[in-house]
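*Asks:* One structure, pasted below without further comment.
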Amino acid sequence: KQIWEPWDHHLNFYKEPNNKLGLDIIYRINPASKLMFTINPDFGQIESDPANINLTAFETYFKEKRPFFLNNMDIFETPVEIFYSRRIGDNSTGIGIEIEKNVERNDTLYNFITIPTKINVAGKLTGKNENGLSYGLLSALVTESDSSKWKNYYDPDTIYYPYKYPKQYFISRVKQDLLSGNSFLGFMSTSSFSDSNHTFSVDGLANLFENQLSIDGQIIMTSDEYKGIYGSISYYPSGLFSGWVDYYYYDKGLNIDELGYLWRDDYTQTKIGLKFQTIESWNIIRNASVILEGDMEENTSGLDLGKSIELNYDIQFDNFWGTGGGLYKIMDYYDDRKIIHDYDRNEFGPHIFIPEITGSHINITTDKHQSLWASISLSLAKNSRDDLEKAQFAELTYKPNSYSNFSILYDHYDLNKKYHWLESFWEDKDDRYHHIFTSLHRKIDILTFRSIVNINRKLSLQGYIEIYSNYDKYSNYTEYLPATDEYTDSSNYVNGWPPNWTGQPLYTTSTDSVDLDISFVDPNFDLQFHPKYTDFRSIIVVKWNYRTGSNIYFVYSNNKAVDGHRFNKINQLGDFLTFNQYEPWAEVLREQTFMIKIDYWFEK
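For the sequence shown, counting from 1, position 470 maps to 465 in our numbering; every step adds exactly one.
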């Protein structure tokens, strides 16, 4: 049995005053080469990542926003992303484990804590010589944050560290231009020395026949001898039509996540596309394109992970309004990573059959050259099991002048699904896994505000607010039986029936300790699933450019999350902001930060 308990935040709260001196050095060696060096960098003035709940086997990809890792980073880009800069300075997660014995089951209590880290020092050299040789070197040293007080509150001996600190990183990249500069051959390596993880890559691009034929490719190899391959051939004749073929292959066991980003290993994908695009305007249409693309995915054992066909269109009119959309169909396939046994060890359960999916989407955008413009998009998908997925997105942007910009975005997602994998349990009584599925109704709403105002040439104000709400309703618990590929709601295990599970129903909504000793918390209340989750994030940045190249930042951020109590209307925002009461299966998380950052630019 696994119990995920909310923490008592009265005991687990501590202030973290932080005084930190940092240094940034930028030295332009020549017009084409630059050396950047940073000590104790601070990125408190950048916008936070959006709220996200991800309980799948696939990691969420977040964009890089830190200035040091945005400036002159094109040299490190490759088709297979062996360098994902967000890995440097990412917080680590520690897991404390306690085992409690009882009559019916062993209870394992998992305490998750975030172990903050910091970049002590980082350096980057990028440039290009007169012979067309581009180069990039990046190195960083990352340690646990000096301001981390968690060791004063938790016994470090009870915490499992998935990563070793300090960590030393080194990335190298060279590219040689070929064929008058429109083609290249490149080499790249990434190293995380504390983990002894190294990845090597060779990639290249050849544009032939007056750039009508493009051949792109990459081969990667890790120090433990797993490989990945990417290849692409594109044909762009001087006419209305063009086409391409893309291919990806990743060995089973390929892992580049110490410094790179890979959606998954054990995977092959082939994509074939054909595009029609207008060359001249026609009537009220400025330009238009239609894309037909087919996709085939398998794992390296040949299991069908999906075959799809998609038709997309994009039209821009003379008044700069635009519309786009498409239709797609995904044939019956299998998901080999739906059931997760051990994510860190890449251990998954039996393959799950996914019925045929059909979907459509449409978007409309007004003229972005105007001071006020908007866009809206709608999407719909369903399958032969009558599962239904709907999404709407709307954006309104107002730019009254070149000095200010205001935008509001609303994102809504709705899902009704008959069989959603919830969790799997290993039981010694019958020496097997029990895979639990549920009907799911999911509703997600995200409201985002952004503003940038340049009050004058030296003073600017930037604001960001995001309100995120996730509500999941679970019902009709069933057990998946791999031997017959069936879902049954008459499971002895789920219902607590004899011979093995008499009087032990799988889930309970009771808070009584006796009931919780023989049953698990109902998923509608279990915080590991975040069934009722609301998140508020805000940041205000005042920037004063007091001299050329030198700035003072005043930064205030206020984040709050309530897990386990539902706020389902916008007029309940006040209730959410003031919510601080104790409830069973509810958790309140807060973070407030005020920072003053001063930088001074020394000129040679």
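All residues carry an ideal CB built from backbone N, CA and C; glycine is no exception.
Take residue 525 and list the residues in its own chain whose beta-carbon comes closer than 7 Å to its own, dropping the five residues that flank it on each side.
*Replies:* If we look at residue 525 and ignore the five residues flanking it on each side, its Cβ neighbours are 48, 465 and 558.
*Asks:* Between which two residues does the beta strand (DSSP E) holding residue 65 run?
*Replies:* Note, residue 65: premise wrong, no beta strand (DSSP E); not H, not E.
*Asks:* Is it right to say residue 584 is buried, meaning 16 or more other beta carbons lie within 10 angstroms of its own, or is it exposed?
*Replies:* Exposed: under 16 other Cβ atoms inside 10 Å.
*Asks:* Under 8 Å, do residue 227 and residue 246 count as touching if we go by C-beta distance?
*Replies:* No. Outside cutoff.
*Asks:* Among 362, 590 and 398, which has the Cα closest to the Cα of residue 310?
*Replies:* For the residues 362, 590 and 398, the minimum Cα distance to residue 310 belongs to 362.
*Asks:* I'd like to know whether the C-beta atoms of residue 522 and residue 586 end up nearer to each other than 8 Å.
*Replies:* No, they are not a contact pair.
*Asks:* Below 8 Å, how does it come out for the segment 530 to 550 and the segment 69 to 83: are there three or more Cβ pairs, yes or no?
*Replies:* With the cut-off at 8 Å, the segment 530 to 550 and the segment 69 to 83 do not touch.
*Asks:* Do residue 412 and residue 434 have their CB atoms nearer than 8 Å?
*Replies:* A contact, by the Cβ cut-off of 8 Å.
*Asks:* Looking only at C-alpha atoms, which of 169, 79 and 163 sits nearest to residue 123?
*Replies:* Residue 169 is the option with its Cα nearest to residue 123.
*Asks:* Does DSSP put residue 490 in a helix, in a strand, or in coil?
*Replies:* The answer is helix: DSSP assigns residue 490 an H, G or I state.
*Asks:* Assign residue 257 to one of three DSSP states: helix, strand, or coil.
*Replies:* Coil.
*Asks:* Excluding five sequence neighbours on each side, which residues of the same chain lie with their C-beta closer than 6 Å to the C-beta of residue 537?
*Replies:* Taken in chain order, the residues that qualify are 456 and 549.
*Asks:* Using C-beta distances below 6 Å, list every residue in its chain close to residue 420, excluding the 5 sequence neighbours before and after it, in chain order.
*Replies:* The answer, listed in chain order, is 429.
*Asks:* I think residue 191 touches residue 183, with their Cβ atoms under 8 Å apart; what is that distance to the nearest whole Å?
*Replies:* At roughly 18 Å, the Cβ-Cβ gap does not stay under 8 Å, so residue 191 and residue 183 are not in contact.
*Asks:* Can you grab the Cα-Cα spacing for the pair residue 425 / residue 488, in whole Å?
*Replies:* Whole-angstrom Cα-Cα distance: 10 Å.
*Asks:* Mind checking residue 100: buried by the 16 CB within 10 Å criterion, or exposed?
*Replies:* At residue 100, the pLDDT of 41 sits below 50, so the modelled position is not reliable; the number obtained from the coordinates is stated separately. Buried, by the Cβ-count rule.
*Asks:* Below 8 Å, can you find three or more Cβ-Cβ pairs linking the segment 288 to 305 to the segment 264 to 278?
*Replies:* Because the criterion of three Cβ pairs below 8 Å is met, the segment 288 to 305 and the segment 264 to 278 touch.
*Asks:* What distance in whole Å lies between the Cβ atoms of residue 135 and residue 332, which are believed to be in contact at a cut-off of 8 Å?
*Replies:* No, residue 332 and residue 135 are not in contact; Cβ-Cβ is about 31 Å, not under 8 Å.
*Asks:* Among the candidates 591, 36 and 193, whose CA atom is the shortest distance from the CA of residue 137?
*Replies:* Taking only the C-alpha atoms, the option nearest residue 137 is 36.
*Asks:* Quick one: residues in its chain with C-beta nearer than 8 Å to the C-beta of residue 77, no 5 flanking neighbours on either side, listed in chain order?
*Replies:* 183, 185, 194, 196, 215, 251, 254 and 255, listed in sequence order.
*Asks:* Rank 177, 218 and 187 by C-alpha distance to the C-alpha of residue 200 and give the top, closest one.
*Replies:* The residue with the shortest Cα to Cα distance from residue 200 is 177.
*Asks:* Taking the continuous beta strand (DSSP E) assigned at residue 178, which residues delimit it?
*Replies:* Start and end: 178 to 187.
*Asks:* Taking its Cβ as the centre, do 16 or more other Cβ atoms sit within 10 Å of residue 580, making it buried, or is it exposed?
*Replies:* By the neighbour-count rule (16 or more Cβ atoms within 10 Å), residue 580 is buried.
*Asks:* Does residue 569 come out as helix, strand or coil in the three-state DSSP assignment?
*Replies:* Three-state result, residue 569: helix.
*Asks:* Identify whether residue 427 lies in helix, strand or coil by the three-state DSSP scheme.
*Replies:* Note: residue 427 maps to strand in three-state DSSP.
*Asks:* Are residue 59 and residue 80 touching if we call contact CB-CB under 8 Å?
*Replies:* A contact, by the Cβ cut-off of 8 Å.
*Asks:* Pick from 128, 129 and 164: whose alpha carbon is nearest that of residue 116?
*Replies:* For residue 116, the nearest C-alpha among the options comes from 164.
*Asks:* Identify which residue in 259, 554 and 540 has its Cα closest to the Cα of residue 596.
*Replies:* Among 259, 554 and 540, the Cα nearest to that of residue 596 is on 540.
*Asks:* For residue 16 and residue 128, what's the separation of their Cα atoms in angstroms?
*Replies:* Taking the straight line joining both Cα atoms gives about 36 Å.
*Asks:* Taking 8 Å as the threshold (C-beta atoms), are residue 406 and residue 388 in contact?
*Replies:* Cβ distance < 8 Å, so residue 388 and residue 406 count as in contact.
*Asks:* Can you list the alpha helix (DSSP H) stretches of 4 or more residues lying completely in the segment 217 to 259, in chain order?
*Replies:* The qualifying runs do not exist here; there are none.
*Asks:* If you drop the 5 nearest sequence neighbours on each side, which residues of the same chain put their C-beta closer than 8 Å to that of residue 316?
*Replies:* Cβ within range, chain order: 359, 360, 361 and 362.
*Asks:* Could you tell me whether the segment 313 to 329 touches the segment 348 to 357, using the rule of 3 or more Cβ pairs below 8 Å?
*Replies:* Touching, per the Cβ criterion.
*Asks:* Let me confirm a value: residue 486 is counted as buried when at least 16 other C-beta atoms fall within 10 Å, else exposed. Which label applies?
*Replies:* Counting Cβ neighbours within 10 Å, residue 486 comes out buried, since at least 16 surround it.
*Asks:* Taking the beta carbon of residue 576 as the centre, do at least 16 other beta carbons fall within 10 Å, making it buried, or is it exposed?
*Replies:* It is exposed - the Cβ of residue 576 has fewer than 16 other Cβ atoms within 10 Å.
*Asks:* Helix, strand or coil, according to DSSP, for residue 53 in the structure here?
*Replies:* Coil, per DSSP.
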